[in-house]
Each structure stands twice: as C-alpha cells, then as structure tokens.
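Peer 1:
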Amino acid sequence: MLPHGRYSLTCSRAFGTPFFRAAALLFLASGLLPGATLDYSRIEKAISEHNLRVAKQELDKYLQAEPHDARAHMLLGIVLDEQNQPDKAEQEFKEALRLQPDLAAAHINLGKHYARRGDLAMAAHEFDSAIHLDPDDATAHENFGLVLMAQGNQTEALRQLQTAADLAPRQPSVLMDLLKAQLASRKFTEARTTVAKIAALAPPSVDPYAVLGAIQAEGGDFAGAIETLQKARAREPNSTDVQYNLGLAYYKSGDPGHALGILESSQKQSDSGEIENLLGQVYEDDRQYVKAARALQLAIDLEPANESYRFDFAFELLKHRSFDVASVASEQAVRDFPDSLRLRLIQGVSYFGRGLYKESVDTFFEAARRFPDAELPLYCLAQAAGVTGDRIDEIQALVAAYAERHPGQSWPYYFLGQLACQHAETTGRAEDIEKAGPLLRKSIELDPGYAEAHYQFGNLYSTLTRWRDAAEEYRKAIKLQPSMSEAHYRLARTYRHLGDSTNAQMEFQIHQRLAQEESERSRRDQDLQVFLYKLSR
C-alpha cells in the first residue's frame, strides 16, 4: 500500500503542444532568407501567443506568391499541428524538406509531429537526421533523447540528453529532462549534480528545491531527495507541502523515525487528511498499530470524501485480522462510493475473513458484473469459489467470456482448465479429459512460471496414466513453488507407479513436513494472504 503523496509535483514534458509553441524559434537561430517579404518576427510572435488564425492568414497569403520558401512551409506545419490538423501539418513539413532537404529545423519539427502522433520510430529517424545535419543543435539531441526514453533505450537516451545539456548548459528545461533520465537510469550521483545546476539557474526570488526534491523522490533517489528537501525546509520552514514530502521521502527510504518526527510536527502546525493518512502508514511501518488505525480513521474524519482513505483504513484492519470492523467500514465505504471497484473487493475480502463465504462470493460476483473487464474481481471470485463451491457454473461462464475478450492472460485458462480437470478426474471420460488439456496448455504457454498450472497438468496426465509426463509436470510445479505440499504428495504417488520407491519415500516425507506446517494455517488464512497481496499491488 503506497502513500498518496505529492510527488506528482513533477513538470513532466510530453510530445505535445508545449513543444510546438516553442518550435517557431528554431528557424530564427539559423537566419532568414535574404530578401524575404514575409515578416517572420510577426509570425513568430503570433505563434508564441497562440494567435494561430493571424499566423495562418499571413503564411497562406505569402505562400501563394512564394510557394518555394521551405521555412514558410515549416511554419505553416507548426500552425496546422497546433490547430489539430495533423495530416495537413505533415504535408507542410514534408514539403519544406522536399524544397530544402538539409533544413535541420524542419526535421526537428517533423520529428516532434511524429512523436505527438505516437510514431516514435519515425520521430527518432527525423531527430537523428537533424543531428547529422547539425551536430550542435541541442534541441535535436534533447528530443531524440526523449524519444529514446519513451522507446526504453535508456543508455542512448541518457547520452543524447547529456549532449543536449552540454550544448545548452543554461537551459533549465534541458537539464530537467536530463535529470529525469538520470533518475530513470538510477544514476543518482549524476542526478544530484544536475539538481545543483538547475538550482543555480533559478532566480533569487524562486525556491527550486521543493520541486526538485519531489522529482528526486518520485525517481527513487530518496537520499538525494531528503538532502534537497532539507534545503527547501530551511528556506520555508512552515511549508506543509515541503514537510509532507520530506516525511514521505524519509518513510520511503526506510526511516520511519525521522518521518514521524517531521510529520507529527506538521500535524501540530496544520493537520489534514493527507498528513494523517501518511502518518497511519508510517505508524504501521513502525509497528505502532493502534496509532496507525487511529490516524487512518482520523484521515477519513477530516476528509470523508476521499475514497483512497477509506480503502487504506479498511486494508489496515484486514492486515490485523479485524474482520468485523473491516466489514462495517467497507460496507459504509461502498454505500458512499458505489462505483469503487477496490472498495467492493475489500468488502468481499472482509466477509471472507469473517467466514461469511456466501456473502463474499456474492460481493465478488457483483464486482465482476459491474466491472466485466477488470481482472481482480474474477480472480477473487474464482479463489473464493474454490472454498465455497458456490455458483461455479455462473463463475465459469464469466471467466470464459473474460478469456475470450482478454486472450493474453494465463490465469483464466488455468481456472477453466482446473475445473475441467477436476471434472475429468471424477468422470474419467475421454471427452472431459480432452477439454482440460488445451486449456491448461494455453495457460502454461502464456505463463510458463505458473506453478499451479503445471500441477494441474500433472493431475491430468495422472488421469491418463501417463506417469512419466505427470512426474515431469509435478517436478516443474515444485521447482517453481517448493512449498506446494500437494504436488509433493502427487509426485510421491507417481513415483510409486513408476517403481521408484526411494524418491517416492523422499517426496512423502517432504509432503508430511509441509502438511504439518500448513495445518497450522487454515485454508482461509492462505487465501486471505493471496487476497491482501493482490489488493496491495
């Protein structure tokens, strides 16, 4: 369960409108055509002020008389992109390059156009072309680096962004892009150097440390974030935003003691649901469980309209097996937030923990009905139905329909294959066995590491008396999940059929040891752990 913090203060840049509003400046740095009658400064001003109608009128009029001006076509492409006419914009960019293939600015703007449309491969090609034409163009390197980051090529992205920063060392936006790339690549030492450079460029009236510290924390450099946020705190000791982020950074770094000191101080200064919710999670981490529950409840009292706080409080109760209170809290939360999927799920888990299995299945069933394309309700429903045996036919139909809509997920095929396998074990009929095999095979194809699917495949082979194949599947299941006692038991029986008494005895002994350990935990407790793990993701 992650805190709901302010790390979203980052000013992330995308391949969107902000790029194009600045793009008109690109051609000015490289000079104007001698003798041009177009007032480029007027066009630049109109685009920067987003007065696109004026800019387009000027360009259309000019291009009727001078249709061979590559830069004018490029500017018109920028205007059309801003006016949400991407196809026409692309034509203008390409016309500019037809007229002047070595115009680096046109390659850059066409690359931004492609990036905006999501065609990263073509965007990368255009930025690379611009760099070959003008290796000292920081804008080309910067945008090439951003595209490479989006493509997952962090190493080359970092190199391009570092080049852009070297070429434009006093451009905060370039340094900010470099910082985010360094954080994404976990180059924390280098990132702290970049933070210092950005901070040095800030005017005296601006405190950059609060935003920079939040960006570092969001990127996972908690030690660097703490150092930066401490500087922000020294400048603004009464800023609740800074104190919250600093407390959050200490908490995420594994230092609940310092986190509590800062957050409790902020709580006395100016309390809020956000502070109390984070305090609850830090108290939980510090094993002060009563204080954790109180803080999470107080967060709800302070901000009853916050759905996340309702979830966090109920989840806290479930973790400590307060199922009765959790069910009451989740029932009220579902009444207040009837469209919240996760609150319905936590309600179903609380019923399951109380042993109200029918109510649990009904709740999961309602969640699955309301959210037919959500995976978790069906998963919880299938898990609960394994205990209760209720509404199996209905659940089977829901899972089958889900699998048709989402054919790339493994567990629905496992669930359907498991039901078919169990039915085949009961009937022994060939047609029932034939239904189970393809489903389990599909599940394993989609996820070879799914231990339960290998186990069920072993059961299917056992039904067919294909003992060697069964043993192989049981061994795969055990390798993936060594604590699966039933797989050891089935493998022991299979070894007996194969005449291998030594390995059979060894597997029986392992099964007995694991079964003893499992007897100390009920099936309900094991399923609850699965539910809580799924809900916390």
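Here the sequence shown is numbered in the numbering used here, starting from -14 and rising by one per residue.
Beta carbons are placed, not taken as given, at the ideal position from N, Cα and C, and that holds for glycine.
Quick caveat, the model's predicted, so the values are computed rather than measured.
Helix, strand or coil for residue 223? Go by DSSP, reduced to three states.
Peer 2: Three-state DSSP puts residue 223 in coil, outside helix and strand.
Peer 1: Mapping the DSSP letters down to three states, classify residue 68 as helix, strand or coil.
Peer 2: coil
Peer 1: On a Cα-Cα basis, can you pick out the residue from 81, 50, 41 and 83 that is closest to residue 65?
Peer 2: 41
Peer 1: What ranges does the alpha helix (DSSP H) occupy inside the segment 295 to 331, keeping only unbroken runs of at least 4 residues that lie completely in it?
Peer 2: 308 to 321, all fully within the segment 295 to 331.
Peer 1: Measure the C-alpha to C-alpha separation of residue 524 and residue 498 and round it to an integer number of angstroms.
Peer 2: The structure shown does not extend to residue 524, since the chain is modelled only from -14 to 522, so the question has no answer here.
Peer 1: Beta carbon of residue 234, beta carbon of residue 207: below 7 Å?
Peer 2: yes
Peer 1: Just reading off the alpha helix (DSSP H) that residue 376 is part of, what are its end residues?
Peer 2: Note, residue 376: premise wrong, no alpha helix (DSSP H); not H, not E.
Peer 1: By the DSSP assignment, the alpha helix (DSSP H) with residue 469 in it spans what residues?
Peer 2: Where residue 469 is concerned, there is no enclosing alpha helix (DSSP H), given that its DSSP letter is neither H nor E.
Peer 1: Using a Cβ-Cβ cutoff of less than 6 Å, which residues in the same chain neighbour residue 281 once the five nearest sequence positions on both sides are dropped?
Peer 2: The beta carbon of residue 281 sits closer than 6 Å to the beta carbons of 265, 297, 298 and 301 from its chain, once the five residues preceding and following it are set aside; these are given in chain order.
Peer 1: Within 10 Å of its beta-carbon, does residue 228 have 16 or more other beta-carbons around it, so buried, or fewer, so exposed?
Peer 2: Buried, since its Cβ has 16 or more Cβ neighbours within 10 Å.
Peer 1: When you compare only the Cα positions, how much space is there between residue 334 and residue 313?
Peer 2: 12 Å
Peer 1: Helix or strand or just coil, what does DSSP make of residue 106?
Peer 2: helix
Peer 1: Using only CA atoms, which one of 434, 146 and 474 lies nearest to residue 447?
Peer 2: 474
Peer 1: Tell me the start and end of each unbroken alpha helix (DSSP H) in the segment 104 to 152 that is at least 4 residues and wholly inside, in chain order.
Peer 2: 105 to 118, 123 to 135 and 139 to 152
Peer 1: Which of helix, strand or coil does DSSP assign to residue 172?
Peer 2: Three-state result, residue 172: coil.
Peer 1: Consult DSSP for residue -14 and reduce its assignment to one of helix, strand or coil.
Peer 2: Because the pLDDT at residue -14 is just 33, under 50, the model does not fix this residue reliably, and the value given afterwards should be weighed accordingly. Coil, per DSSP.
Peer 1: Any idea if residue 470 is buried or exposed, counting beta-carbon neighbours within 10 angstroms, 16 or more meaning buried?
Peer 2: Buried is the call here.
Peer 1: Evaluate residue 219 with the Cβ neighbour count: other Cβ atoms within 10 Å of its Cβ, from every protein chain shown; 16 or more gives buried, anything less gives exposed.
Peer 2: When all chains shown are included, residue 219 counts as exposed.
Peer 1: Here's a check: name, in chain order, each residue in its chain whose Cβ is nearer than 7 Å to the Cβ of residue 38, leaving out the five neighbours to either side.
Peer 2: none
Peer 1: Can you give me the C-alpha to C-alpha distance between residue 211 and residue 263, rounded to a whole angstrom?
Peer 2: 17 Å
Peer 1: On the three-pair Cβ rule with 8 Å, is the segment 441 to 457 touching the segment 397 to 416?
Peer 2: Contact holds: three or more Cβ-Cβ distances are below 8 Å.
Peer 1: Run through DSSP, which three-state label would residue 94 get?
Peer 2: helix
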